[in-house]
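First up is the structure itself, then whatever we jot down about it.
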Amino acid sequence: MSVNQHTHAGPPYGQPQPGYQGYQQPAYGGQPLPGVPHAQYGAYNGPMPGYQQPVPPQGYFPSLGFPSKGSPVSLNSDTSLAPNLIGSVRALPTSGAPPPASGTSLPSGHQGYSQFGQGDVQNGIPTSTAPMQRPPASQPFLPGSAPAPVSQPSTFQQYGPPPSSVQQLSNHMAGMTIGSTSISAPPPAGLGYGPPTSVPPVSGSFSATGSGLYTPYTASQGPPPPSVPQGLPLAQPPFSGQPVPTQRLPTEVPGFAPPPSSTGIGPSSYPPSTGAPRLPLMPGPPLSGQTVAGPPMSQPNHVSSPPPPSTLSGPHPGPPMSGLHGPPPPTHPPQPGYQMQQNGSFGQVRGPQPNYGGAYPGTPNYGSQPGPPPPKRLDPDSIPSPIQVIEDDRSNRGSEPFVTGVRGQVPPLVTTNFLVKDQGNASPRYIRCTSYNIPCTSDMAKQSQVPLAAVIKPLATLPPEETLPYLVDHGESGPVRCNRCKAYMCPFMQFIEGGRRFQCCFCSCVTEVPAHYFQHLDHTGKRVDFYDRPELSLGSYEFLATVDYCKNNKFPSPPAFIFMIDVSYNAVKSGLVRLICEELKSILDYLPREGNMEESAIRVGFVTYNKVLHFYNVKSSLAQPQMMVVSDVADMFVPLLDGFLVNVNESRTVIASLLDQIPEMFADTRETETVFGPVIQAGLEALKAAECAGKLFIFHTSLPIAEAPGKLKNRDDKKLINTDKEKTLFQPQTSFYNNLAKDCVAQGCCVDLFLFPNQYLDVATLGVVTYQTGGSIYKYAYFQLETDQDRFLNDLRRDVQKEVGFDAVMRVRTSTGIRATDFFGAFYMSNTTDVEMAGLDCDKTITVEFKHDDKLSEDSGALLQCALLYTSCAGQRRLRIHNLSLNCCTQLADLYRNCETDTLINYLAKYAYRGVLNSPVKAVRDSLINQCAQILACYRKNCASPSSAGQLILPECMKLLPVYLNCVLKSDVLQPGPEVTTDDRAYIRQLVTSMDVAETNVFFYPRLLPLTKADVDSDSLPAAIRNSEERLSKGDIYLLENGLNIFVWVGVNVQQGLIQNLFGVSSFSQISNTLSTLPVLENPFSKKVRSIIDMLHLQRSRYMKLIIVKQEDKLEMLFKHFLVEDKSLTGGASYVDFLCHMHKEIRQLLS
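This note's numbering puts the sequence shown at residues 668 to 1818.
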């Protein structure tokens, strides 16, 4: 157990278990440059955080807004991407403020509708889709409604010559739907946004072929012009007094109506090219003639909302031009239907986004001559924002504890801090599902294409306020189980016949209750001792296992740790050997131990190696350690038994002496070659001889080319990328390590690998044993003492101290109707049901996919029971049980209303990352896009209220699926840039495979925080912003973290005082980008930033590498790789483009 754990005192039963140290799994050993993991995935632009969601007005279901998932999402709340009329027409504001008086231009300080806020459906339905009838007011802003700034001129062909007059324009737009009423001609079937015609532009990664595709465009070309002048007749219908039938299913992506088909929704991060005039986007009051009674309407069509003044550069938009709009917005006082909101924004529209730079850099001023309409581009603020969704969930669900007593409840998001109260179902910290309401039939599951999977983290660390699972001891007879399916006693078992028998909730078999376990039932049929027994009242608990659950029917010995150090020339010369030996002297006092034990029961041993192996006898009775060399690496054996594995306290002086001598002994070595296979074999043989399980900590620097079993050759070949042979780069080059892994698992020998490569090392092959034994890999490319020492030592300490179960076997049982069919993670399987791991730590997850094998019923729901048999670090054999009950549905809408997108992405990434072992990467990418398009098309077809095909309609709880999926597609494994090495890709592929949902969330959509907006007097983090270059301001400092790296980006115009306070130098040019830690300076800003970085380190399982990036510096390219909403240099689409591409795919499926 980890050292510093305290046991939590808990309720009456059994002793509480000691806490687990939570180390999350780190993710890639981020090298600064080439190797950095890139999280590249664009993520959602949904609502931005920054905004607290006030208490929802009545009538507003949180599930619609973005907030909580489980609420009554009525079907008509999808977010639909409304017509792409973005800048031009607006949806009814849903709660809104009165428009600013006519001519006012916004003061430059304000962002017009907030930055993001612009999103609501700009012309069409408000995103948030709350039912329109809610009382005006309240909800300060809803996701999305912003008008798109319309500026980029573009080179795309428009349909026909650009309209030059309003009249023409209106004809032009006549085919578009506005709001949700379609006006005249239906939109073309191709791309969903926009009038039929020509080829819509396509995002970088999709090739353009036939008509529905979009043609690629250059950066400066934004999307085509929104172009509808403000008073278009056609846009009015929806507003004339009758409420617009909006609110498609929850999340309508606003702003999306079909753009003209040539619309390429442009890359989001380019500044608009020069002067194209944009339509002014000022909110205006209702058109005259419209009545505003009743539900608040979205802004009148003729006015779009003002673009947020860009805080980046360029003049802020000028006042609305008269030539372009229809009647100028009247100046009368706010109408009754709109409630005033901060800065004049409409309700649906968000107020200025906190810490966001304006919409896009350099908003050009609008000239007053009409001129051809600028090309229209989908406003990034009008599409779902991950930040907003995360913030809304925090404000809606972070304050109340999540009580697990109810079947099928969707938990808060992984990004929300919440307390869990176990009342019969396992905490979401242990199990998260892709859906909490699963289809009753396999046909329905096939139709929806939503994968049914659970991400299980059996030994997850809990926060100190939550009670660890109780340990239940049933004595010699062991745990009570079902006679037929062997499921363990749990809260869902039904006692009958006065308590003498129980009916299994998994297979329905009736089993006698053992005499010692008998108890009477109360008037409700519950046992009288229900609350005294964890296994009857809680979702997670542990049983003490009897000897029948042990290998060879004898109780296990405590495990051992063997440290195996590469002492070849590279390792010695870099200072690594000395560093490891120094650190081991202190780290051995922190070996994991059971809660109340004085000292750890774990024994330790030491081996060094290059082309031969050196074993050390550190028996406590010796004055000096003794070295024994084994040079016959072809037939590995352990030359000593007694004195190799020892108790740390008994042999402390001998161990210290050995660790002092190792760096001296090899100081002058000239041996550059290493072996690797025999090192693992030696550790395995030592554990076999000692008859115990354990872990090998191997510190290795180079490709093992010395003559020995497991010898490898350099097969790195970048030319294979994008060919059918690319998959071989992810496969091991020899089967030797697979066979060795199998032997290690049988013995309970887990392997953790610390790699320090200066060149190709073949992680795909060296990692096989680590991966199959449940171990961890850490990689420090181009290791340098001064910059990488902290990261390596922190990772090593955490790895040695963390909670681990040895010799583990996990089985997942399900109630009749579904069964576990597929497993993903770091483990070995010798049959179809048992997941075997030599070691399982508190950071590892196993992802399980379920398929139907019969019908399910809505009444009984579906049950999962995960049982993990393992040996604790004190040598105690235990069973940890987690139970979860899910709802079942006959209506697809119920399935879509209870999905968890973060878990779905975790599953899809693992599925894709396994797919690259056997299929070309392009095929894997295409299948991901196709599956997600099918999920969304099925929703559109069966659950969304009817609307024009031009609208993209997304289910509320999946509105981030496109942005997150795009991040997975742009990740280094599926779309590597030229600087990503083959080893990096193999490393990340293995890391992601056992990541939990919180880790994949930040890995694929990194967290970006504006440090200059941090409040130095509070403990809180500044509100995160979206991952796009257009959100960065040259005068600010930002922090981006993805679980593997922390980047601190410094803009060229940052005030000198801030630079002095944070870096201790007087100017931007003096900031060193080789810093690996920030200097400790005594001022509030420095303390605040360092405390934020410390806080982030505690939340992640690996110690993240700090990289300082100065704007316009060479490292900036690496940093931009993580701005996942933007187009990537490797050809990955921007979020906006990808959303258009998904819309097109969905329309093709529907047609």
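The beta-carbon is built from N, C-alpha and C at its ideal position, and this holds for glycine as well. Predicted model, so just to flag it, every value in this text is computed and none were measured.
Please report how far the alpha carbon of residue i lies from the alpha carbon of residue j, in whole angstroms.
i: residue 1631; j: residue 1663; result: 15 Å
i: residue 1537; j: residue 1375; result: 34 Å
i: residue 1518; j: residue 1655; result: 28 Å
i: residue 1183; j: residue 1145; result: 11 Å
i: residue 1597; j: residue 1795; result: 21 Å
i: residue 1271; j: residue 1316; result: 11 Å
i: residue 1105; j: residue 1660; result: 24 Å
i: residue 1226; j: residue 1261; result: 13 Å
i: residue 1798; j: residue 1758; result: 37 Å
i: residue 1766; j: residue 1088; result: 21 Å
i: residue 1215; j: residue 1544; result: 10 Å
i: residue 1071; j: residue 1093; result: 7 Å
i: residue 1418; j: residue 1510; result: 15 Å
i: residue 1210; j: residue 1423; result: 41 Å
i: residue 886; j: residue 1801; result: Interpretation of residue 886 is limited by its pLDDT of 38, a score under 50 that renders its predicted location unreliable; the figure taken from the coordinates is listed afterwards. Distance between the alpha carbons of residue 886 and residue 1801 is about 11 Å.
i: residue 1559; j: residue 1731; result: 59 Å
i: residue 1103; j: residue 1259; result: 36 Å
i: residue 1396; j: residue 1179; result: 55 Å
i: residue 1685; j: residue 1461; result: 27 Å
i: residue 1776; j: residue 1742; result: 10 Å
i: residue 1365; j: residue 1314; result: 20 Å
i: residue 1620; j: residue 1693; result: 22 Å
If you check the beta carbons only, do residue i and residue j fall under 9 Å apart?
i: residue 1091; j: residue 1158; result: yes
i: residue 1568; j: residue 1627; result: yes
i: residue 1295; j: residue 1284; result: yes
i: residue 1361; j: residue 1125; result: no
i: residue 1441; j: residue 1505; result: yes
i: residue 1534; j: residue 1548; result: yes
i: residue 1718; j: residue 1699; result: yes
i: residue 1675; j: residue 1635; result: no
i: residue 1228; j: residue 1247; result: no
i: residue 1201; j: residue 1136; result: yes
i: residue 1720; j: residue 1780; result: no
i: residue 1819; j: residue 1101; result: Outside the shown range of the chain (668 to 1818) lies residue 1819, about which nothing can therefore be said.
Which of the three DSSP states is assigned to residue i in this structure?
i: residue 1303; result: coil
i: residue 1548; result: strand
i: residue 1064; result: helix
i: residue 1201; result: helix
i: residue 1601; result: helix
i: residue 1050; result: coil
i: residue 1208; result: strand
i: residue 1724; result: helix
i: residue 1461; result: helix
i: residue 942; result: Only weak support is given to the placement of residue 942: the predicted model assigns it a pLDDT of 39, under 50, and the value that follows is read from those uncertain coordinates. It is coil, neither helix nor strand.
i: residue 1833; result: Limits of the chain in this structure are 668 at one end and 1818 at the other, which puts residue 1833 out of reach.
Check each candidate in the options and name the one with the smallest Cα separation from residue i.
i: residue 1783; options: 1714, 1762, 1807 and 1746; result: 1714
i: residue 1791; options: 1779, 1780, 1804 and 1781; result: 1804
i: residue 1430; options: 1587, 1629, 1710 and 1446; result: 1446
i: residue 1122; options: 1572, 1135 and 1652; result: 1572
i: residue 1393; options: 1371, 1117, 1721 and 1643; result: 1643
i: residue 1390; options: 1398, 1588 and 1481; result: 1588
i: residue 1475; options: 1218, 1747 and 1605; result: 1218
i: residue 1065; options: 1052, 1081, 1050 and 1764; result: 1081
i: residue 1561; options: 1515, 1610, 1532 and 1579; result: 1610
i: residue 1438; options: 1448, 1463, 1399 and 1426; result: 1399
i: residue 1770; options: 1406, 1557, 1458 and 1338; result: 1458
### Query
Using 8 Å as the threshold, is the segment 1090-1108 in touch with the segment 1203-1223, meaning 3 or more CB pairs across them?
Taking a contact to require three or more Cβ pairs closer than 8 Å, the segment 1090-1108 and the segment 1203-1223 qualify as touching.
#### Entry: Validate contact between the segment 1456-1471 and the segment 1487-1498 using beta carbons, cut 8 Å, 3 pairs
No: fewer than three Cβ pairs fall under 8 Å.
### Task
Please confirm if the segment 1337-1356 is in contact with the segment 1366-1383, defined as three or more CB-CB distances below 8 Å between the two stretches.
Three or more Cβ pairs drawn from the segment 1337-1356 and the segment 1366-1383 lie within less than 8 Å of each other, which places the two stretches in contact.
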